[in-house]
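Numbering (this note's numbering), first residue to last: 16 to 690.
Working notes, structure below.
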Amino acid sequence: MKDFKRYMVTSALPYANGPVHIGHLAGVYIPSDIYVRYLRLRGKDVLWVCGSDEHGVPITLKAKKENKSPQDVVDKYHEIIKKSFNDLGISFDIYSRTSAKIHHETASEIFKTINNKNGFIEKTTEQYYDSEAKQFLADRYITGTCPHCGYEKAYGDQCEKCGSSLSATELINAKSSVSGAKPELKPTKHWFLPLDTYEPFLKEWILEGHKEWKPNVYGQCKSWIDQGLQPRAVSRDLDWGVPVPVENADGKVLYVWFDAPIGYISATKEYTNDWEKYWKSPDSKLVHFIGKDNIVFHCIIFPAMLKAEGSYILPENVPANEFLNLEGDKISTSRNWAVWLHEYLVEFEDKQDVLRYVLTANAPETKDNDFTWKDFQARNNNELVAILGNFVNRVVVLTNKYYDGKVPERNELIGEDQNVLDEIKLIKEKVEYSIENFRFREALKEAMNLARLGNKYLAETEPWKLIKTDEERVKTIMNIAIQITASLSVILEPFLPFTSENIRKIIRAEHFDWDTLGDTDLLKTDHQIGKPELLFAKIEDSEIEFQVNKLLATKEQNKEEVHEPVKNEITFEDFQKLDIGTGKIIEAEKVAKTKKLLKLLVDTGVDKRTVVSGIAEFFTAEEVLGKQVSILLNLAPRKIKGIESQGMILMAEDKSGKLHFVASSSEINNGAQIR
Ligand SMILES: [Zn+2]
16 MKDFKRYMVT
26 SALPYANGPV
36 HIGHLAGVYI
46 PSDIYVRYLR
56 LRGKDVLWVC
66 GSDEHGVPIT
76 LKAKKENKSP
86 QDVVDKYHEI
96 IKKSFNDLGI
106 SFDIYSRTSA
116 KIHHETASEI
126 FKTINNKNGF
136 IEKTTEQYYD
146 SEAKQFLADR
156 YITGTCPHCG
166 YEKAYGDQCE
176 KCGSSLSATE
186 LINAKSSVSG
196 AKPELKPTKH
206 WFLPLDTYEP
216 FLKEWILEGH
226 KEWKPNVYGQ
236 CKSWIDQGLQ
246 PRAVSRDLDW
256 GVPVPVENAD
266 GKVLYVWFDA
276 PIGYISATKE
286 YTNDWEKYWK
296 SPDSKLVHFI
306 GKDNIVFHCI
316 IFPAMLKAEG
326 SYILPENVPA
336 NEFLNLEGDK
346 ISTSRNWAVW
356 LHEYLVEFED
366 KQDVLRYVLT
376 ANAPETKDND
386 FTWKDFQARN
396 NNELVAILGN
406 FVNRVVVLTN
416 KYYDGKVPER
426 NELIGEDQNV
436 LDEIKLIKEK
446 VEYSIENFRF
456 REALKEAMNL
466 ARLGNKYLAE
476 TEPWKLIKTD
486 EERVKTIMNI
496 AIQITASLSV
506 ILEPFLPFTS
516 ENIRKIIRAE
526 HFDWDTLGDT
536 DLLKTDHQIG
546 KPELLFAKIE
556 DSEIEFQVNK
566 LLATKEQNKE
576 EVHEPVKNEI
586 TFEDFQKLDI
596 GTGKIIEAEK
606 VAKTKKLLKL
616 LVDTGVDKRT
626 VVSGIAEFFT
636 AEEVLGKQVS
646 ILLNLAPRKI
656 KGIESQGMIL
666 MAEDKSGKLH
676 FVASSSEINN
686 GAQIR
């Protein structure tokens, strides 16, 4: 494998429309922190950057909903995110943000460089426009039904259900998130990166050149490339973002996915004037840590951008993880179905490493995984307390008891001692191999095996019995046990930095480098260690119940909020545009070859009209005959399964999704106006 002089590590920029949750941590930030801490321990030149992603439509929608400016929204979440990362020991060299001036400059420069090389296609295309709100509808301003999986709340840029990347015009029944109106198509000019022309390069670079990438990453890239790549717009009609830096581009900004990855470069620039060697020198190893929803952007689009710019290196690896679920359900910011880092840090004070441990031990590296509070408790009590905490405590207690806390002299080693020392070397190698191959679960398991090895060594040599008959032998055993404790502080540092520090405090040791791991003289004879202190405390059932109840309350709340208040305020005049009246169903039949549709004839008092209604799953034709209904009369006629439908029957949908007629509570004449 190629030897690199330095490492440039990036972690996906968290989106500044909400705090960070355990899914983000398990997928991106904890694995990258382990990787970087390990490299630093080995004395490598490594620079690790991250920052808040502060542009894009969800931010503007949130600002609108909360009646704030987009800047207010990102300021708030940037601070929360930054602080919670810091408190968890996530050791970025810099945590920047994309609303920073340096980022706007960097993104503009890169756009201009590509543009000057004619690297973009300028195209006028038809885009959805909301004529009520008088604005173009980019990305999440549009929702509709996903053409791939049928999910009804897909966004104009992506379906969150099946993960497909979409363009707004592909959505079925598209509607504006601003006004709820049905949008119309209107021409607008944009800049496109012709991804299709990068196909040969991507094939060679990824499909031939990076077969070592994780199968989920490689597979997704291959499927994208095999499907055939299309030119992709890098600009949007929006007023929040990095303005397109050319003339006559008013009202247009860089697409958030064009500017966000450039944020890595801007952050590096902000951190050091000597940034170019990290980004432009071929002896730098660039690694992107991301979640699986970002694979296409980091493996296809960003490399194509960098290639188009021409002076940057490309990533050596993109170790994307799958998703972490919570108690069997997909984590969701909008449904508040998450364990929020800033809340965890308050509710579990000084237990940063417990979360780091559980999220690594259970990391979704090869498949989606589930976080449960029961598992959290079990891993703390049965592994951290019972294995790691127990070993260190025994060593410190016995050393204090037998030798007043002074490291005893080591005599001649016998077979069982040598075996243990050999085993430490093996564990070290396994951890190195696993970390370097981005297998952090495996690496943590191996690191914990060092504590297991220590326990086993004490259990087999039984110094507490031997002390009565062979004091000299016990000195050797305890000396080795103390060296194992010191080695634990090294091997655990990438994973559990707070614990590693605590072990060093207890044994009163300085910081050790990675390469000293397994040395038999980390602590010299007569070195004075400290008093015993517990590294971990048991987590009680009541603490877990509290968390589970919190989630159950969220679940209840989500049920009650079936009616999402997503529609914008309207005026009375708007309401008056609706002509709603009473009517009676006088004929009804099932529409052939459909599950949901009934064809109804409705007496509206002034006429008899045909309405196609999607109620057949809940009512038979016989059941609805003679029913009094409320009908929207002035809805533009629509052809449904070849039948012209003139109006819409109003229905209420209950929690379970069942439909109910909405009608006058007493029998009245047909044609009464509802207002
Ligand atoms: Zn879908």
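C-beta: ideal position from N, C-alpha, C; glycine also.
Beta-carbon proximity of residue i to residue j, cut-off 7 Å
i           : j           : result
residue 410 : residue 500 : yes
residue 158 : residue 168 : yes
residue 335 : residue 316 : no
residue 591 : residue 624 : no
residue 213 : residue 122 : no
residue 324 : residue 125 : yes
residue 644 : residue 672 : no
residue 648 : residue 686 : no
residue 308 : residue 337 : no
residue 674 : residue 630 : yes
residue 395 : residue 412 : no
residue 113 : residue 69  : yes
Which of helix, strand or coil DSSP assigns to residue i
i           : result
residue 20  : coil
residue 33  : coil
residue 579 : Because the pLDDT at residue 579 is just 47, under 50, the model does not fix this residue reliably, and the value given afterwards should be weighed accordingly. Coil, per DSSP.
residue 246 : coil
residue 526 : coil
residue 25  : strand
residue 542 : coil
residue 118 : helix
residue 286 : helix
residue 378 : coil
residue 612 : coil
residue 143 : strand
residue 257 : coil
residue 648 : coil
residue 732 : A query on residue 732 cannot be resolved here, the shown segment of the chain reaching from 16 to 690 and no further.
residue 212 : helix
residue 321 : helix
residue 398 : helix
residue 336 : strand
Supposed contact pair residue j and residue i - C-beta distance, whole angstroms, cut 8 Å
i           : j           : result
residue 278 : residue 42  : Wrong, their Cβ atoms sit about 18 Å apart, outside the cutoff.
residue 544 : residue 420 : 5 Å
residue 232 : residue 314 : 7 Å
residue 375 : residue 510 : 6 Å
residue 456 : residue 380 : 6 Å
residue 99  : residue 356 : 4 Å
residue 587 : residue 642 : Their Cβ separation, rounded to whole angstroms, is 30 Å, which puts residue 587 and residue 642 out of contact at 8 Å.
residue 204 : residue 197 : Residue 204 to residue 197, Cβ: 24 Å. No contact.
Cβ neighbour criterion (16 or more within 10 Å) applied to residue i
i           : result
residue 367 : buried
residue 153 : buried
residue 454 : buried
residue 145 : buried
residue 361 : exposed
residue 240 : buried
residue 349 : exposed
residue 34  : buried
residue 293 : buried
residue 690 : exposed
Unbroken beta strand (DSSP E) run spanning residue i, endpoints
i           : result
residue 99  : Element bounds for residue 99: not the beta strand (DSSP E) but the alpha helix (DSSP H), 85 to 102.
residue 658 : 658 to 660
residue 199 : 199 to 208
residue 464 : Segment 455 to 476 is the alpha helix (DSSP H) holding residue 464; no beta strand (DSSP E) there.
residue 676 : 674 to 676
residue 436 : Element bounds for residue 436: not the beta strand (DSSP E) but the alpha helix (DSSP H), 430 to 451.
residue 603 : 595 to 605
residue 668 : 666 to 668
Residue range of the alpha helix (DSSP H) that includes residue i
i           : result
residue 684 : Where residue 684 is concerned, there is no enclosing alpha helix (DSSP H), given that its DSSP letter is neither H nor E.
residue 406 : 405 to 418
residue 638 : 636 to 639
residue 422 : It is not in any alpha helix (DSSP H) - residue 422 carries neither H nor E in the DSSP assignment.
residue 50  : 45 to 56
residue 79  : 72 to 81
residue 519 : 512 to 521
residue 494 : 486 to 506
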